[in-house]
Amino acid sequence: MMIKEKNVFHINGYAGLLIALALLALSIWTFFSSVVLAVILFILSLIFSSGLVIVQPNEAVVLTFFGSYLGTIREPGLFMTFPFTMHQKVSLRIDNFNSAVIKVNDMMGNPVEIAAVVVYKVVDTAQARFAVEDYGQFVEIQSESAVRHVASEYPYDTLEGDDQLTLRGNPTEVSQRLTQELQERLRVAGVEVVETRLTHLAYATEIAAAMLQKQQSTAILSARKIIVEGAVKITEDAIDRLAKETNLSLTDEQKLQVINNIMVAIISERGTQPVINTGE
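Under our numbering, the letters of the sequence shown match residues 6 to 285, in that order.
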């Protein structure tokens with residue numbers, strides 16, 4: 006049976022403190038005249054004082070009575086509640102956890118190293134205290150498991166032009182997916198995931214060199230493609246302007262030669278000395 010958080014009966018604690026002190030003072034005052042009455046008053050003062058609870062800001066106190074959950078006090082201050090209850094403090098502050106760098110295979114089977122930071126807070130003190138053994142350790146274990154699962158759903162990277170989500174190219178979407186996955190796992194512990202972010206992402210060392218070479222080759226091909234497209238556009242504009250402004254009529258062979266010379270001059274990485282065909 007899942008235990009849910011509920012409020013517990015409590016009143017202003019200063020009134021209870023004054024009553025406990027008054028009973029203690031009466032017990033001392035009547036000790037020499039009536040020992041029995043003094044003992045009774047002393048026991049009553051202990052009963053009242055056992056019901057006093059101090060709650061710090063951003064903290065909750067879970068109350069149990071002989072193994073039964075009575076409720077939770079969330080308001081900060083001094084309160085008086087049922088006597089002889091056990092008081093267990095639960096922090097309501099926002100906390101964070103940095104996962105260790107773990108190695109996992111991405112969707113393509115490539116080993117990658119990944120780590121994340123998880124920001125969370127307790128929203129149900131009863132579940133945090135009674136549903137799991139240690140909710141802090143539970144968050145750590147489930148975070149690592151969620152990171153492994155989410156990392157396996159995406160490739161580390163894809164070829165240019167592919168719209169598929171990737172770990173490297175879409176960190177925001179991956180973080181949102183990780184938050185969703187982790188929230189489903191931590192709901193049983195009464196924990197809310199505020200935010201998750203990837204803090205480390207890299208290829209595993211055994212394939213890092215090969216993948217770096219692949220990325221460099223992809224970048225070179227992309228740059229070449231842009232250069233070629235630009236060169237073609239420049240060549241077309243040059244031939245059109247020659248035809249319009251100079252009324253120069255070129256044969257197909259001459260156009261091909263002009264195109265070849267301009268393309269070589271633009272695309273070549275080194276200084277070129279193209280041979281210009283003058284038609285002589």
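Backbone N, C-alpha and C fix where the C-beta goes; we use that ideal spot for every residue, glycine too.
Residue burial classification, residue i (beta-carbon count within 10 angstroms, cutoff 16)
i: Tyr-125; result: buried
i: Ala-156; result: buried
i: Thr-251; result: exposed
i: Phe-37; result: exposed
i: Ser-104; result: buried
i: Phe-14; result: exposed
i: Val-233; result: exposed
i: Val-40; result: exposed
i: Ala-30; result: exposed
Close-in-space but distant-in-sequence residues of the same chain around residue i (CB under 8 Å, 5 per side omitted)
i: Gln-147; result: Leu-187, Arg-190 and Leu-191
i: Ile-174; result: Contrary to the premise, residue 174 reads as Gly rather than Ile in this sequence. If we look at Gly-174 and ignore the five residues flanking it on each side, its Cβ neighbours are Asp-162 and Thr-163.
i: Lys-9; result: Asp-129, Ala-131 and Gln-132
Reference residue i; option with closest CA among the options
i: Asn-17; options: Val-95, Asp-245, Val-60 and Ala-194; result: Val-60
i: Pro-176; options: Glu-200, Gly-82 and Asp-257; result: Glu-200
i: Ser-96; options: Leu-42, Gly-141 and Ala-228; result: Gly-141
i: Glu-145; options: Phe-135, Val-122, Glu-234 and Asn-63; result: Val-122
i: Gln-132; options: Lys-249, Thr-77 and Tyr-19; result: Thr-77
i: Ala-243; options: Gly-114, Gly-195 and Val-263; result: Val-263
i: Leu-172; options: Thr-130, Ser-254, Pro-116 and Glu-138; result: Pro-116
i: Gly-21; options: Leu-83, Met-112, Ala-151 and Asn-266; result: Leu-83
i: Glu-80; options: Ser-73, Val-66, Arg-229 and Ile-231; result: Val-66
Beta-carbon contacts of residue i that lie in its chain and below 7 Å, excluding the five residues immediately before and after
i: Arg-153; result: Ile-107 and Val-109
i: Thr-210; result: none
i: Ser-32; result: Ala-43, Leu-46, Phe-47 and Ser-50
i: Lys-260; result: Ile-244
i: Ala-194; result: Gln-132, Ala-133, Ala-136, Val-137, Tyr-140 and Phe-143
i: Asp-100; result: Tyr-125 and Lys-126
i: Tyr-159; result: Asp-111, Met-112, Leu-170, Thr-171, Leu-172 and Val-179
Continuous alpha helix (DSSP H) stretch holding residue i: start and end
i: His-154; result: 140-156
i: Leu-75; result: Taken as a continuous stretch (DSSP letters only), Leu-75 belongs to no alpha helix (DSSP H), being part of the beta strand (DSSP E) at 73-78.
i: Thr-4; result: Residue 4 cannot be examined here, being either before or after the span of the chain that is shown, 6 to 285.
i: Phe-135; result: 130-135
Same chain, Cβ closer than 6 Å to residue i, five either side skipped, listed in chain order
i: Phe-89; result: Ser-55
i: Ala-25; result: Ser-50, Phe-53 and Ser-54
i: Glu-197; result: Lys-126 and Val-128
i: Ser-180; result: Thr-201 and Arg-202
i: Ala-120; result: Ser-104, Val-106, Thr-204 and His-205
i: Met-85; result: Ile-16, Gly-18, Gly-21, Gly-56 and Leu-57
Simplified DSSP assignment, three categories, for residue i
i: Gln-2; result: Outside the displayed range of the chain (6 to 285) lies residue 2, so it cannot be described from this structure.
i: Arg-173; result: coil
i: Ile-232; result: helix
i: Val-109; result: strand
i: Met-268; result: helix
Residue range of the beta strand (DSSP E) that includes residue i
i: Ala-120; result: 116-127
i: Thr-69; result: 64-70
i: Ile-59; result: 57-60
i: Phe-102; result: 100-103
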